[in-house]
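K.L.:
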Amino acid sequence: MTFLKTKKLKNKLKGIVKTGGRNNKGKIVSFHIGGAHKKLYRQISFQKIPVNCIVESINIDPNRTAFLAKLFSLSLKKHFYTLASSQLQKGHKFNCLKSSQLRLGSKAFLVKLPIGSKIHSISTNLRPNRSISQRAAGTFGQIVKKTLKNTLIRFSSGKLVVLDKLTFGFLGSVSNEGFQDKRVKNAGYSRRFGVKPTTRGVAMNPVDHPHGGGEGKSSGGRPSVTPWARPAHSKKN
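For the sequence shown, the tail end lands on 237 under full-length UniProt numbering, and the numbers increase by one without skipping.
#1: Distance check for isoleucine 132 and alanine 69, CA to CA, integer angstroms please.
#2: CA-CA distance, glycine 21 and alanine 108?
#3: What is the rounded straight-line gap between the Cα of lysine 93 and the Cα of asparagine 205?
#4: In the region 4-82, which residue ranges form an unbroken alpha helix (DSSP H) of at least 4 residues, counting only runs that do not cross its ends?
#5: If residue 287 sits next to asparagine 59, beta carbons under 8 Å apart, how far is it from one beta carbon to the other, in whole angstroms?
#6: Mind reading off the beta-carbon distance from arginine 135 to histidine 120? Whole number of angstroms is fine, and I expect it under 8 Å.
#7: Can you give the Cα-Cα distance for isoleucine 153 and leucine 163, rounded to whole angstroms?
#8: Per DSSP, what kind of secondary structure is phenylalanine 94 in: helix, strand or coil?
#9: Inspect the beta-carbon positions of lysine 18 and leucine 40 and report whether they are closer than 8 Å.
#10: Drop a sphere of 10 angstroms on the beta-carbon of isoleucine 143, count the other beta-carbons inside from all chains shown, and report buried for 16 or more, exposed for fewer.
#11: Based on the DSSP output, what are the partners of serine 133 in its beta bridges?
#12: Alpha helix (DSSP H) containing alanine 187: first to last residue?
#13: Examine the Cβ distances between the region 209-219 and the region 154-161 and report whether three or more of them are shorter than 8 Å.
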């Protein structure tokens, strides 16, 4: 997929305050976070997508694994950002919430979709812009069963969830399915994304990790545990 340089929607951009994985006292509470290239947050519309839309461009979002679709509303004459469905292209037109004109990327209530449909960006309750599931690259949910009031959805993880029939989703799977096959070429590649190196427990001091300390190289001297002495591996049956 090729990406052309397009103008960003300034009213949909927002600055991000970096924490470096530290809390309000300056203590590291999330490991391996820090650095990263400076970037702006793109605000995405899930609930407020208008009925008649046309895709102006497909853009890369530095904050997400999936691609963004820049939409233009033919009725409101406004621009929006939303998650791009797989195989969505520039110039694609679709009507949302109309069951007779549903196409790839269209937003629709679950009650209007047939069994077996693939959907993403699923609202798991009736609150607007809350609890949106299946947003990562390549993920989707599939409608397994429908009743008078509810719909049974199978997520990409295999989890089965019962949702209200008036919750919504977007037709298709999330774009950028090959993201998990992306190869990290060098250490600097990770650092530009804000991922710091992982230090082994045996290379630390005893005060920092249960595996730390000892003279020379050691194996830790005990079954693998987390920095908080919890078992790192599940028990064998």
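Here a beta-carbon is modelled for each residue, glycine too, at the ideal position from N, C-alpha and C.
P.N.:
Inspection of the coordinates gives the following:
#1: Taking the sequence shown and counting its residues from 1, the one referred to as residue 69 is at position 69. Taking the sequence shown and counting its residues from 1, the one referred to as residue 132 is at position 132. Rounded to the nearest angstrom, the two C-alpha atoms are 17 Å apart.
#2: Position 21 of the sequence shown holds residue 21. Position 108 of the sequence shown holds residue 108. If I take the Cα positions, the gap works out to 38 Å.
#3: The residue labelled residue 93 in the question sits at position 93 within the sequence shown. The residue labelled residue 205 in the question sits at position 205 within the sequence shown. Those two C-alpha atoms are separated by around 60 Å.
#4: none
#5: Outside the shown range of the chain (1 to 237) lies residue 287, about which nothing can therefore be said.
#6: Reading the sequence shown from its first residue, position 135 is the one you call residue 135. Reading the sequence shown from its first residue, position 120 is the one you call residue 120. The pair is a contact, with the Cβ atoms about 7 Å apart (cut-off 8 Å).
#7: Within the sequence shown, the letter at position 153 stands for residue 153. Within the sequence shown, the letter at position 163 stands for residue 163. Answer to the nearest angstrom: the Cα atoms are 7 Å apart.
#8: Here residue 94 refers to the residue found at position 94 of the sequence shown. Looking at phenylalanine 94 - three-state DSSP - the assignment turns out to be strand.
#9: Residue 18 sits at position 18 when you count from the first residue of the sequence shown. Residue 40 sits at position 40 when you count from the first residue of the sequence shown. No, Cβ-Cβ distance for lysine 18 and leucine 40 is not below 8 Å.
#10: In the sequence shown, the residue the question calls residue 143 occupies position 143. Buried, by the Cβ-count rule.
#11: For the purposes of this step, residue 133 is taken as the residue at position 133 of the sequence shown. Paired residue(s): Ile122.
#12: Here the question's residue 187 lines up with position 187 in the sequence shown. Taken as a continuous stretch (DSSP letters only), the alpha helix (DSSP H) holding alanine 187 covers 187-192.
#13: By the C-beta criterion, the region 209-219 is judged not to be in contact with the region 154-161, since fewer than 3 inter-stretch pairs fall below 8 Å.
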